[in-house]
Structure formats: structure tokens, C-alpha cells
Amino acid sequence: MLKNYFKIAWRNLRRNKIYSAINILGLATGISACILIFLFVQDELTYERHFSQADRIVRVVSSIRMQENLDKFAYTPFKLAQTIGDNYPAAETVTKILPIGKQTLWVAGKAFNQENLFFADSNFFKVFDYPFLLGNPETALKAPKTIVLTEDLAIKLFGSTAAAMGQMLQFSKNEHLVTGVVANPQHSHLQPEGFLSAITLGKGSTEINAPTSITNWLALNWYTYVLLKDKNQIPALQQQLFDLSRNTINPWIKENELTASQTFYLQPIRDIHLNPEWKDQTATYGQKAYVYIFSFVAIFLLLIACINYMNLATARSAKRAREVGLRKVVGAYRSQIVRQFIGESILITLFAVLLALALVEILLPPFNTLTNKNFSYTYFTEGSSGLVLLGIVVFVGLVAGSYPAFFLSGFKPAEVLKSDKSPQGSNALLRKFLVVLQFTISLILIIGTLVVYSQMQFIKNANLGFKKEQVFVIDIPVGDTTLIRKLPHLKQELLNNPAVAKVANAANIPGGTISDLITLIEKDGKQEERTSFVLAGDYDFLDLLGISVLEGRNFSRETPTDLKGGVLVNQAMVRKMGWQDSPIGKRILFSDWDAKVIGVVNDFHYTSLHTTIDPLIIALAPTSPGYLLVRVNTTNLPATLRFVQEKWKAFDPNHPIEYFFLDEYFNQQYRTEDKMLTIFGYFAALTIIIACLGLFGLTSFTAEQRTREIGIRKVLGSSVADIMMLLSRDFALLVIISIALATPIAWYGMHRWLQDFAYRTPLSLWTFLIAGVFAMVIAMLTVSLQAAKAATANPIKALRSE
């Protein structure tokens with residue numbers, strides 16, 4: 060019986076090639092997009108899953124309240140890890156790591172600039188079981204001055220993983236022994252490339268970034284992770300940390316005459332990737348909102364494709380009515396007819412899935428580039444993926460085929476065998492509802508795409524308060540003091556070229572990692588604790604960026620006390636502190652600085668427009684390693700770049716020049732939104748294409764049903780334009796209803812999305828009008844193709860049998 064159902068279904072597909080092609084193409088387009096989105100969503104939801112103990116690993120995070128401010132940090136004090144390990148039985152193993160930013164590694168006299176290096180204690184690989192390609196995880200970090208490399212870094216430094224083992228490399232004037240090579244990290248909030256033994260910091264070495272005080276509970280610089288004995292012990296350990304803050308840490312803070320309070324929280328590592336609420340200098344975060352959005356988009360695309368099938372199947376009811384009537388006359392039960400039509404639907408879906416897999420194979424490379432992922436076709440050979448595909452076939456086949464099956468099987472033989480027409484009942488009304496639903500979904504996606512595009516244009520063209528154009532930035536290798544001493548000479552050499560306007564060096568730059576420090580700031584004769592961002596550069600740094608000093612003065616070479624004795628602050632700092640009198644002369648203490656405010660600069664965006672401009676301290680660091688900024692005043696940029704490259708090569712032949720443009724670097728903060736805009740746009744276009752495919756098919760069948768009516772109207776004198784208007788009018792009304800429904804839904808959704816930006820473009824009425832007009836034009840063009848064909852047909856053919 061089942062074989063017979065599929066045989067009949069196959070005959071129907073061959074008999075109705077255009078109808079079948081429209082359905083298969085529409086379903087294949089929706090399914091292929093759904094599969095790509097599924098890959099993306101699954102990838103985002105599987106971070107940390109490769110660690111075998113991931114369900115028992117938590118990260119300890121810090122919440123510090125100072126005055127009216129509440130700051131959330133992913134890093135913790137040095138001594139917290141040992142305190143947890145020594146006192147709380149719920150913890151099986153505790154580890155801590157210290158990020159050390161950009162560094163220079165030396166191998167056989169050759170320098171390599173490297174980021175994503177960490178100091179890690181000997182427990183790290185007990186908690187995070189990275190696959191070791193070479194070496195022993197139990198002993199790799201037990202000795203001082205040892206280092207474990209990732210596979211990529213080992214190949215970069217030594218040519219191969221095998222060649223790296225047992226070799227020495229120099230870091231911060233110390234030789235380090237390579238004791239292990241691990242597989243490259245994947246699907247993790249941590250993306251380390253090298254682990255240095257944390258015990259090195261306690262052996263009198265000259266390693267940088269060692270904590271100045273390991274007893275200070277407010278010195279937040281280490282990341283602390285706990286491997287629990289049982290994943291259900293999170294509440295118990297959390298309560299013990301609350302008690303630690305209440306009974307030990309906050310009394311210590313009060314004894315030191317500070318007013319801050321500190322609390323620790325536990326965060327399961329599986330929750331880190333999609334929850335970026337804790338300030339973190341190391342994590343690569345995803346966006347939970349985009350996971351939800353694209354999940355809904357996948358469902359919508361599949362739903363639109365299913366609606367197409369339902370629309371076309373019910374519109375063809377007149378063609379199938381006589382078939383159903385005859386089958387019932389010869390004894391077929393309704394349940395048998397239902398199974399026949401659902402079988403036909405599943406067969407169409409099966410063909411659509413095969414076509415969709417071919418489309419996915421073609422689209423995977425550009426999709427990988429767009430999402431910065433590494434999906435491969437081998438994914439579909441996995442058992443779970445096969446089940447997903449089978450589920451899609453069954454789901455789409457049942458959803459798309461169920462209503463047509465029950466509708467067609469309900470025809471009464473006596474009625475359908477008397478004429479060529481099928482009983483319409485509420486069928487026409489349902490088809491109209493489905494068309495409205497299709498275009499409503501499409502319009503929501505189009506409006507969303509336009510709003511995201513407007514916001515991206517707004518933030519990329521906003522006045523940042525500094526000039527980022529015509530500036531390229533050279534990475535200065537860290538740890539080479541000879542190189543730092545020679546910097547003034549290089550600056551002068553560059554300034555000798557008329558195409559170079561200004562040169563400055565800085566420890567950090569707008570758009571990059573900027574330190575967020577706990578500071579003591581004078582107010583009303585007392586020192587108040589605050590968290591402040593600190594930007595450090597040389598005497599020419601502010602001038603190069605076009606940042607104005609509004610009050611007081613800039614750093615001066617004529618004033619030696621400016622070095623660690625003078626700082627500038629931004630307007631946001633003045634407002635936050637509520638200084639009623641002049642801020643000049645106010646005392647600020649941070650790190651090992653005891654300085655006074657010598658000037659106030661205009662507010663400028665040193666981070667993305669996702670956040671407001673926070674209080675900022677600008678410190679003088681004329682010999683700080685980090686970046687060399689070069690502003691050019693020429694349109695012949697290639698020639699200027701060649702000049703700079705030649706000077707750099709003569710200046711430092713050991714370090715190949717590495718540079719980037721400041722405007723591009725700053726805009727990288729929006730790369731997630733850029734990628735999502737592109738993906739959103741593609742899927743919005745797909746929804747329109749799928750909807751129009753269905754509309755095209757539906758219009759053709761509507762015109763076919765009204766062939767005799769059109770013939771009579773033409774005989775009675777109706778023009779081609781009149782006939783086209785007649786056929787288009789109903790569909791135009793449906794699109795207008797869709798616009799009315801989509802507008803408030805899209806407005807609410809995009810209003811919520813824009814709340815993620817501190818600075819945002821207003822929702823414009825023009826955005827909704829453009830989307831509505833676009834949808835109407837596309838729909839009318841689609842309908843007009845079939846309407847014109849019907850309107851220009853010879854009426855004699857339509858009325859021949861009358």
C-alpha cells in the first residue's frame with residue numbers, strides 16, 4: 060500500500076512539473092537556509108562542551124560596589140584561588156590564570172609578536188583537559204620558566220610540533236623551556252596560544268604583569284576557576300563565598316578605610332560565551348540575542364516554505380477534486396486519501412532536502428567566511444545530523460501536507476463529480492491568511508535589515524570626539540628596552556618626511572583593550588574609590604588624535620613632574636565626581652601613581668558606541684611599549700607606507716613591521732553586527748524569494764480558475780489593464796494588511812535591539828515606508844506576470860465549451 064502511495068505521488072509530480080518545481084525549489088531554499096542557521100546556532104550553544112568536566116567547572120567573578128556604582132569583573136584577587144582550595148570541600152581543584160596581553164617571544168634570535176599568552180598554575184590542565192599532543196599535563200607547568208604551546212604557535216615558532224618540544228624560547232629576558240604542545244582551543248571563551256608557569260612569578264624573575272600585592276583583595280587581575288566535586292554543589296559554594304565576603308573581605312576593606320564592598324559569584328563555564336555581562340579582557344563572546352533571532356528566522360523560513368506548499372496544494376483543489384471523488388466512489392476511505400496526500404508531501408520534501416543539501420554544500424564556504432566559523436560537509440555524516448535531516452523531512456512533510464490532505468479528502472463525491480470546481484468553503488479565506496502571514500514575516504525581516512543597516516551607518520559615521528582617519532598604527536614589540544630607547548630617533552626620522560604630519564606612541568589606543576582600574580579620587584577633601592579607565596600615551600598622543608584640552612594644559616616636556624605626577628581626565632570624570640570647583644589640582648591615586656589633574660579633555664569614544672563614555676584618566680607614558688601612531692597628510696598613502704616600512708627595517712631588522720589602520724581597527728568592534736547585517740539581509744531576501752515563488756504559483760492557479768470569467772469580461776469590453784487590475788487587487792490588499800501587521804511587530808523588536816547601543820539612530824517612518832513599498836512592488840511584479848498572461852489570452856479558447 061505504501062509503495063502504491065509513493066507511485067501515485069511520483070506520477071502526480073511528473074504530471075505537474077511547474078507546480079512541483081515551485082514547491083521543491085521553495086522548500087529547498089527554506090530548508091537549506093534552515094540547515095545553515097542550525098549549524099550556526101548549534102555551534103554557539105556548544106561552547107566548552109569539549110571539556111569532559113565542563114558541567115562541573117565554574118568561573119568565579121567579582122562584583123564591586125563603590126559609592127553608587129556597581130562594577131562586574133570576570134577577574135578576581137590573587138589569593139582567592141588558594142582560599143577556596145584550602146577552605147571549601149566542595150572544590151575538587153582550583154586553578155588561576157593571568158592574561159599578559161601582547162608580548163614578544165624570541166626563538167634563535169628571531170622575534171615574534173604574540174598575543175593571548177597566560178600565566179597558569181600547575182592545576183590548570185587538571186581542570187581544563189586540553190588534548191596534549193606532546194608532553195605530560197601532570198608536570199608541564201610544575202617547574203618555573205616552563206611554557207606549553209598550542210599547535211599553531213609551536214608551528215609558528217619552530218616549524219612543527221615535534222621540533223618545539225624541549226626547545227628554549229626567550230620571554231621578558233628569561234629563557235623558558237617548552238614542556239608541552241596542546242591542540243588548538245576550539246569553542247571556548249578562552250583562546251590561549253601559550254601557557255607560562257605561574258610559579259615563575261614567585262621565583263624572583265623579571266616577568267612582567269606580576270601582581271604588585273598578593274594580599275590585596277581589591278587587586279583584581281587573575282581569573283579563578285573551580286572544578287567542583289559535584290555539579291549540584293554550586294549553591295553551597297556560592298553561599299560560602301557570600302560568607303567570605305561578609306565575614307572577611309568587606310571587614311578588611313573597612314579596616315583599610317575604604318567604602319567599597321565586594322561579592323563573588325559563580326558562573327558555569329557553559330554560560331560564559333553568551334553572557335557578556337562581566338568585564339573580561341580575554342573572552343570571545345557571542346550574542347544570545349542573535350542566537351534567538353536566527354532561530355526564529357530559521358523557523359520563519361521553514362514556515363514560509365510550508366505555507367507555499369499548503370497554498371498551492373489547496374489552490375489546485377479543482378484539479379484534484381474529480382480524482383478524490385472517483386477514488387471515494389471505488390471504495391477508498393478518507394484515511395487512505397489522507398495518507399496518499401501526506402505521502403506525496405513527504406516525497407516532495409525528500410526531493411527538496413536533497414536539493415537543499417546540494418545548496419548547503421555550495422554555500423558553506425561563503426557562509427564560513429561570513430560567520431568566521433569552520434563548518435564542513437562531514438557534519439552531515441554524523442548520526443545526530445542525520446536524525447535532524449530526517450526530522451526536517453517528516454516535520455515539513457506533515458506540516459505542509461496535513462491541511463491539504465484533510466481538506467482534499469473531505470470532498471463529497473456527488474458534489475465534485477457534477478462539476479470541475481471544488482467546494483471552496485473557507486479554503487479561499489485560509490489561502491489569503493497564509494499569504495498575509497508569509498508577507499508579514501518577510502516584511503519584519505526587511506524592516507529589521509534596514510534598521511540594522513541604518514544603525515551601522517550611524518555608529519560608523521558618528522562624531523567620535525577624535526580623528527581616526529589617516530592614522531596607521533605600528534605594533535611595537537614588547538620587552539626590548541633597546542628598541543624603546545631608540546623610538547625618539549625613529550619618530551624624528553619619520554617626521555622628516557613632509558607626508559607624515561605627526562607621530563606618537565601609546566600603551567593603548569581607542570578601540571583596543573583599555574585598563575579598568577580601581578582608583579582613589581579626591582572629592583571634598585577626601586579620597587573616594589572609583590573604577591576608572593586609564594589610557595596612556597606620550598606628549599604628542601592627544602594632538603595626533605585631535606583631542607582638545609578644554610581646561611588646564613596638556614603634558615609638557617618642560618614639566619618633569621608630569622611623569623607619574625600629572626594626569627588629564629575627560630568631561631565624564633568631572634561630571635561623575637560632581638566637582639563644583641575646578642578639577643585642576645585634584646589628587647588621583649592608582650597603581651603606583653600619585654598624581655594631580657593638570658587638564659580636562661573633551662569626551663571622546665575610546666570604546667564602541669554600545670556603551671556610554673565612562674570616566675577616563677589619561678596618563679603620561681613616553682617610553683611605554685605598545686603602539687606607534689603615524690598620522691599622514693597625503694593622498695599617496697602607498698608611497699608613505701613604503702617610506703615607513705623602509706625606515707622601520709633600518710631601525711629594527713629583527714622585528715618585521717606589523718601595522719593596521721586606526722579607523723578599520725576601531726570599527727572591528729562592530730564586526731559582529733556587520734556580519735549579522737549581511738546574514739540578516741540574505742535571509743530577508745530569501746523570505747521574499749520564497750514568498751514570491753508561492754505568490755507566482757498561487758496567481759497562476761487563480762488566473763486559471765477564473766479563465767471563463769476573464770473571457771466573458773473581455774467579450775463584454777474589459778481592457779487588458781482592467782483584467783490585470785482585477786487579478787492584482789486582491790493580492791495588493793493582502794500585502795497592505797501584511798504591512799499593517801508587520802509594522803508594530805518590527806518596531807517593537809528593533810526598538811528592543813537598539814537598546815543594546817548607548818548611542819542609536821531613531822526609528823524612522825521612512826524605514827517602514829521603504830520596506831512596505833518594496834514588498835508591494837515585488838508582490839505586484841510577481842502577480843502582474845501571470846495577470847498579464849491571463850489578460851492577453853484569447854477569450855474564444857476560454858468560452859469554447861460554453
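Each residue of the sequence shown is one higher than the one before, starting from 60 at the first, in this note's numbering.
Cβ atoms here follow ideal geometry from the backbone N, Cα and C, with glycine treated the same way.
Looking at the structure shown, is residue i part of a helix, part of a strand, or coil, going by DSSP?
| i | result |
| --- | --- |
| I573 | coil |
| R616 | coil |
| N629 | strand |
| Y189 | coil |
| G345 | coil |
| A846 | helix |
| E552 | helix |
| L157 | strand |
| T198 | coil |
| P294 | helix |
| A319 | coil |
| I83 | helix |
| F742 | helix |
| E151 | strand |
| E768 | helix |
| Q497 | helix |
| T841 | helix |
| Y282 | strand |
| N309 | helix |
| P557 | coil |
| S91 | helix |
Should residue i and residue j be called a contact, given that it needs their Cβ atoms to be closer than 8 Å?
| i | j | result |
| --- | --- | --- |
| L192 | A113 | no |
| R646 | E581 | yes |
| L603 | L696 | no |
| G625 | K585 | no |
| F183 | T154 | yes |
| A170 | N713 | yes |
| T152 | V119 | no |
| P14 | T209 | Absent from the model: residue 14. The displayed extent of the chain is 60 to 861, so no value can be given. |
| L84 | L754 | no |
| G611 | I657 | yes |
| T670 | A817 | yes |
| W281 | F137 | yes |
| T322 | Q250 | no |
| Q298 | L325 | no |
| L95 | F426 | yes |
| F110 | I123 | no |
| I749 | L360 | yes |
| G456 | I401 | yes |
Which term fits residue i, buried or exposed, when burial requires 16 or more other beta carbons within 10 angstroms of its beta carbon?
| i | result |
| --- | --- |
| A849 | buried |
| M227 | exposed |
| P569 | buried |
| G263 | With a pLDDT of only 42 at G263, under 50, the local geometry of the prediction cannot be trusted, and no value is derived from it. |
| L679 | buried |
| D651 | exposed |
| V237 | buried |
| N315 | exposed |
| E127 | exposed |
| E617 | exposed |
| I421 | exposed |
| G825 | The residue you asked about is not Gly; residue 825 is Trp in the sequence shown. It is exposed - the Cβ of W825 has fewer than 16 other Cβ atoms within 10 Å. |
| N433 | exposed |
| A521 | exposed |
| Q292 | buried |
Name the DSSP beta bridge partners of residue i, please?
| i | result |
| --- | --- |
| E103 | In DSSP, E103 forms no bridge with anything. |
| L422 | Answer is none; L422 lacks a bridge partner. |
| F719 | V532 |
| V166 | K169 |
| R398 | Answer is none; R398 lacks a bridge partner. |
| F649 | W652 |
| A565 | G596 and Y686 |
In chain order, which beta strand (DSSP E) runs of at least 3 residues are fully inside the segment 655 to 708? As for any beta strand (DSSP E) of minimum length 3 sitting wholly inside the segment 655 to 708, the runs are 675 to 679 and 686 to 691, ordered along the chain.
| query | Which full runs of the beta strand (DSSP E) of 3+ residues lie inside the segment 95 to 145, going along the chain? | reply | Runs found: 116 to 125 and 128 to 132.
* Whole beta strand (DSSP E) runs in the segment 785 to 827 with 3 or more residues, listed along the chain? -> DSSP runs (the beta strand (DSSP E)) wholly in the segment 785 to 827: none.
Complete alpha helix (DSSP H) runs within the segment 203 to 254 (minimum length 4 residues, chain order): As far as the segment 203 to 254 is concerned, its whole alpha helix (DSSP H) runs of at least 4 residues are 210 to 217 and 220 to 223.
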